[in-house]
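Chemist:
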Ligand SMILES: Cc1cc2nc3c(=O)[nH]c(=O)nc-3n(C[C@H](O)[C@H](O)[C@H](O)COP(=O)(O)OP(=O)(O)OC[C@H]3O[C@@H](n4cnc5c(N)ncnc54)[C@H](O)[C@@H]3O)c2cc1C
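In the numbering used here, the protein residues as written are 1386 to 1608.
(1) With distances taken from CA atoms, which of 1421, 1567 and 1547 is nearest residue 1480?
(2) Would residue 1521 pass as a contact of residue 1491 if the rule is Cβ separation under 8 Å?
(3) Residue 1452 by DSSP, collapsed to three states: which one?
(4) Any idea what DSSP makes of residue 1436, helix, strand or coil?
(5) In the structure shown, what three-state DSSP assignment does residue 1404 receive?
(6) Label residue 1432 either buried or exposed according to how many other C-beta atoms from any shown protein chain fall within 10 Å of its C-beta, with 16 as the threshold for buried.
(7) Less than 8 Å between the CB atoms is what I'm expecting for residue 1408 and residue 1504, so what's the real figure, rounded?
(8) Which runs of the beta strand (DSSP E) spanning at least 3 residues fall entirely within the stretch 1505-1588, listed in chain order?
(9) Since residue 1478 and residue 1423 are thought to touch, with beta carbons under 8 Å apart, how far apart are those beta carbons, to the nearest angstrom?
(10) Tell me which residues share the same chain as residue 1544 and place their Cβ nearer than 6 Å to its Cβ, disregarding the 5 neighbours each side in the sequence.
(11) Would you check whether ligand 1 has a heavy atom nearer than 7 Å to the C-beta of residue 1459?
(12) If you measure between the beta carbons of residue 1405 and residue 1471, is that distance less than 8 Å?
(13) Per DSSP, what kind of secondary structure is residue 1399 in: helix, strand or coil?
(14) Start and end of the beta strand (DSSP E) containing residue 1424?
(15) How many angstroms separate the CA atom of residue 1463 from the CA atom of residue 1571?
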């Protein structure tokens, strides 16, 4: 496998615990929107600690971007990623991953599980092909919603939020249920894209099966 050493060019705080890292793009490097890479921090204690992260940039950009949730309380790689500075280096592998766009439908994400959909929806917008795609985004609170303004611009009324730990006038409160899906989706004969923590994915897959969604119409990746 071809590993590439890349320097961080800029870092942006996206939410209270999510950062976007912009870094150099190796010559000729490209990926399918939705794909990830195994990533190591180029520091002695971290070289063997590879973790997968999804590209949220477009192939057209002159640099690459990851959007990463930092687990500060947990002594893992993302905590160290939270301490990285411009000029520090990452080592990225060839792109891989299960999620890619297979036609118009409903994207359902939990938390950082939205990252493949950032790439796919940005790409569709860039190509003027956003159509009637919908994003259902489950988070704990408003402060956790990654790229809220951008999704509102790209998707308008097709950007649907649900919050488990905060009640607001604007967004649904609670967890995704069959009833909630039925209230927000008028056609289940479409593609469904799922990405989030395994318990959420299991629950939603069962709900979609009960709603007669063909399993071949479900594209998914657990984070
Ligand atoms: C294909 C793929 C693509 C991914 N893309 C992205 C992406 O673009 N952006 C992104 O943010 N994430 C992404 N992830 C998830 C990301 O890989 C993990 O969050 C990351 O590996 C965690 O690394 P870590 O060393 O910090 O945690 P690890 O030590 O590997 O811990 C594993 C898990 O423990 C859990 N954990 C966190 N805090 C605690 C705690 N205090 N106590 C116990 N458990 C805890 C978290 O769920 C964490 O994922 C992706 C995952 C996959 C499979």
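Ideal placement from N, C-alpha and C gives every residue a C-beta, glycine not left out.
Modeler: Concretely, from the data shown:
(1) In the chain shown, the residue the question calls residue 1480 occupies position 95. Taking only the C-alpha atoms, the option nearest residue 1480 is 1421.
(2) Counting from 1 along the chain shown, the entry for residue 1521 is found at position 136. Counting from 1 along the chain shown, the entry for residue 1491 is found at position 106. For residue 1521 and residue 1491, yes; Cβs fall inside 8 Å.
(3) Taking the chain shown and counting its residues from 1, the one referred to as residue 1452 is at position 67. Here residue 1452 sits in strand by DSSP.
(4) Against the chain shown, residue 1436 aligns to sequence position 51. Reduced to three states, the DSSP call for residue 1436 is strand.
(5) For this step, residue 1404 is matched to residue 19 along the chain shown. Note: residue 1404 maps to strand in three-state DSSP.
(6) As a first step, residue 1432 must be located in the chain shown, where it is residue number 47. Looking at its Cβ environment, which holds fewer than 16 other Cβ atoms inside 10 Å, residue 1432 is exposed.
(7) As a position in the chain shown, residue 1408 is number 23, starting the count at 1. As a position in the chain shown, residue 1504 is number 119, starting the count at 1. Contact doesn't hold; Cβ gap of about 15 Å is too wide.
(8) Taking only runs of at least 3 residues, the beta strand (DSSP E) segments lying wholly in the stretch 1505-1588 are 1519-1524, 1544-1548 and 1576-1581.
(9) One-based indexing of the chain shown puts residue 1478 at position 93. One-based indexing of the chain shown puts residue 1423 at position 38. Taking C-beta atoms under 8 Å as the contact rule, residue 1478 and residue 1423 qualify, at a distance of about 4 Å.
(10) For the purposes of this step, residue 1544 is taken as residue 159 along the chain shown, with counting starting at 1. Only 1520, 1536 and 1537 meet the Cβ criterion.
(11) Translated into the one-based positions of the chain shown, residue 1459 becomes position 74. Because some heavy atom of ligand 1 lies under 7 Å away, the Cβ of residue 1459 counts as near it: yes.
(12) As a working note, residue 1405 is residue 20 in the chain shown. As a working note, residue 1471 is residue 86 in the chain shown. For residue 1405 and residue 1471, no; Cβs fall outside 8 Å.
(13) Your numbering for residue 1399 matches position 14 in the chain shown. The three-state reading of DSSP puts residue 1399 in coil, since its state is none of H, G, I, E or B.
(14) What you label residue 1424 is simply residue 39 of the chain shown in a count that begins at 1. Taken as a continuous stretch (DSSP letters only), the beta strand (DSSP E) holding residue 1424 covers 1421-1426.
(15) Against the chain shown, residue 1463 aligns to sequence position 78. Against the chain shown, residue 1571 aligns to sequence position 186. Approximately 38 Å, taken between the alpha carbons.
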